[in-house]
Structure formats: C-alpha cells, structure tokens
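A.B. asks:
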Amino acid sequence: MNMMTRRERLQQRSQFLQQLRAFFYARDCLEVDTPLLSQGATPDVHLRSLSSWVQVPGYAEKRRYYWQTSPEYPMKRLLCEGSGDIFYLGKVFRDGDLSPRHQIEFTLLEWYRLDFSLTQLITEVVELINHILPQTRTVEYLSYAQAFAQFCGITDIFTASAAQCRVALEQSGAPEVVGVAPEDKVLWEQLLLTEVIEPQLGNGVITVLSDFPARDAALAKIHPENPLLAQRFEVFVDAMELANGYDELADAVLYRQRFNESLQQRAAQQLAGVPLDEHLLQTLADYPLPACSGVALGADRLLMLALGAQRIDEVICFGVEQA
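Okay, here's the thing in structure tokens:
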C-alpha cells in the first residue's frame, strides 16, 4: 500500500466510487445529494456534531447550522415525499473521531429500500461487500445474545448482572477499566461488546450481528414478537464495523419521543443539548414514512479492506491533520 504513487491511490479511489454508484444504478436506486448543513442536529448521545454560524440574508443575527453526521434525516424527508429507493454517497462529519479507522470528515454510503425486509437488505449489503472485496467471503450470522454466549460465556446477556459482565471482562484479559460504577450493567455490557466481542467478528468472513437490545434501537422498529429486541443489524469484516441498518421506524410520535429520550441522556451525561430537526418531524407527521429498511456503510473503511490498508488516511486524499 505504501509503495503506490499518489496518482495510483487516486485512481483506485475513483474506480471504487464508480463501482459503488454502478451497483445502485443497476438496481434502479436514485442517487440524492442532501444538504451538509442543517438547523437541527442528531441528539444521539454517541455522536458529536460540528456546527458553524451562518449569516443568512434577512436575519439580523448569525444562525447556527450543524454539519450532517449522516444524511438520514433529509433522506427520510425525501422518502416521505415519494422519492422511491434512494442512495447517498458523500461526506459526513463527526467531531471527536480520529484514529486509524476514523476521520472527523469521512465518506458515507447510505441507502433506503422500500418494502425491503431486514433479511433482503442484509443480503444486498453482503452482495455489495463481496462485489468490492478482492475475494468473496461467506456470511456468519450471530444474534447479539449469541455473541455474548460465544465470546464472553454469558448465556443470557439480557438477564445477566453487572457483576457477571465485570467478571467476564476481567477474564478476557482486556485492559483494566477504571471510573465505571460497579452497578452500571449497561456500560459494562458495552465494554464487553467493544473490547471483547467486536475484535473477534468478521475473521475471514462477513459477520452480521442482529437482534440488538431495544434500548439501542435508535430509529429502528422494536421486534413485534419480542419487546426486548430492536430490528437492527451491524456488519463486521476483519473486526471492523462496516454497516449499521434498521427496519425503519415510521411513527412521527415515536420519533419525537426517542429524540427527547436521547436529549435526556445527553443531559444526564452533561453533554450539550442540540435542536431537533423539526423539518423532519413535521414531514413525518404530514406524509408518513413508507415501509422501508435503510443502512449506512463506511465507504472509506470498505476501501481500506479492499486495498489491505491499515489506516483510513491511506485511502483518502488528505486526513484532517493534513487539510
């Protein structure tokens, strides 16, 4: 990878972006170009939005706009208004993310398919990954609960205690954790997921992890037969999370409810509140979201895997520190 010239790297990235677009054009998906700036921001407690003050003509004071962490909200407005199947391939921004696998500015591929079940969407995600990777991989399907049983020895993570999670983390050989309350089961469980389970996923295969806890549903539907589960999946290749997909929530009232719950979580963690995307909420109320499933995939990460790169800044023009 390091032996390639700058032009060779640019050519490979250009060909990769062409491949992605061709995949969706062949499936009658319409490419959409959504705004990078919005008056609302995602309230998700795990995401930090960048913002800019903009002098909008007609207003005496500058107005604060937020750089999109995902094109999800404007894409859902388009879906409500009759766009049909759509995809987005472009830049998004997430503050505080910088590592060999993260950049503050990165390229995201996000798409929505009408009347697609999660199974159909997962099949399409796998087809896309195998279309890009140099060698076809088989697929491993694991539920969230199965992953904890297989890699942590916890037979039922939904009823396990914080103490059980702490012991499993200690026995795994993971680095010692300080500053976490002994009784905080959710956080100990999250540490097991990120420190023990995820590094073992996608080893020579494509791993699809599904049936996440309902508390992690974000904007996914809750399973109709099991209220403990969200209809959501993640995809891993070589221990790297590539994609995150949902059977999309449609109820406008539930959107506002979940947004407000996220704002409460932000307040509890002493994180700044953000304005909600009222344009999205109003559109959902006026024109309900059609039945669909959607997924976001880290395009730069997929290119890393395709080229055998170790760092995300090897497959982009310039990292944030060189910009």
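Residue numbering for the sequence shown follows the numbering used here, beginning at 360 and increasing consecutively. Glycine is no exception: its CB is placed at the ideal position from the N, C-alpha and C atoms.
1. If I'm right that Leu468 touches Leu448 with Cβ under 8 Å, what's the distance once you round it to whole angstroms?
2. Apart from the five residues just before and just after Asn603, which ones in its own chain have a Cβ nearer than 6 Å to its Cβ?
3. Report yes if the C-beta distance between Leu473 and Pro649 is below 8 Å; otherwise report no.
4. For Ala665, which residues from the same chain have a beta carbon less than 8 Å from its beta carbon, with the 5 sequence-adjacent residues on both sides left out?
5. Is the distance from the Cβ of Glu390 to the Cβ of Phe446 below 8 Å?
6. Given a cut-off of 8 Å, decide if Pro433 and Thr466 are closer than it, judged by their beta-carbon atoms.
7. For Gly653 and Lys580, what's the separation of their Cα atoms in angstroms?
8. Would you mind reading off the limits of the alpha helix (DSSP H) that contains Asp645?
9. Would you kindly work out how many angstroms separate the C-alpha atoms of Glu548 and Pro572, rounded to a whole number?
10. Do you know how far the Cα of Met663 is from the Cα of Ile671?
11. Can you name the residues that DSSP bridges to Leu473?
12. For Ile683 and Gly538, I'd like the C-alpha separation in whole angstroms.
13. So, with DSSP's three-state summary, where would you put His461?
14. Per DSSP, Glu390 forms a beta bridge with which residues?
15. Does the region 624–631 come close enough to the region 556–567 that 3 or more CB-CB pairs lie under 8 Å?
16. Does Ala631 come out as helix, strand or coil in the three-state DSSP assignment?
17. Comparing C-alpha positions only, which one of His405, Tyr424, Arg407, Leu406 sits nearest to Gln414?
C.D. replies: The relevant details are as follows:
1. 5 Å
2. Glu593, Ala655
3. yes
4. Phe375, Ile491, Leu492, Pro493
5. yes
6. no
7. 12 Å
8. 637–645
9. 11 Å
10. 6 Å
11. Cys651
12. Shown here, the chain extends from 360 to 682; a query on residue 683 therefore has no answer.
13. strand
14. Phe446
15. no
16. coil
17. Tyr424
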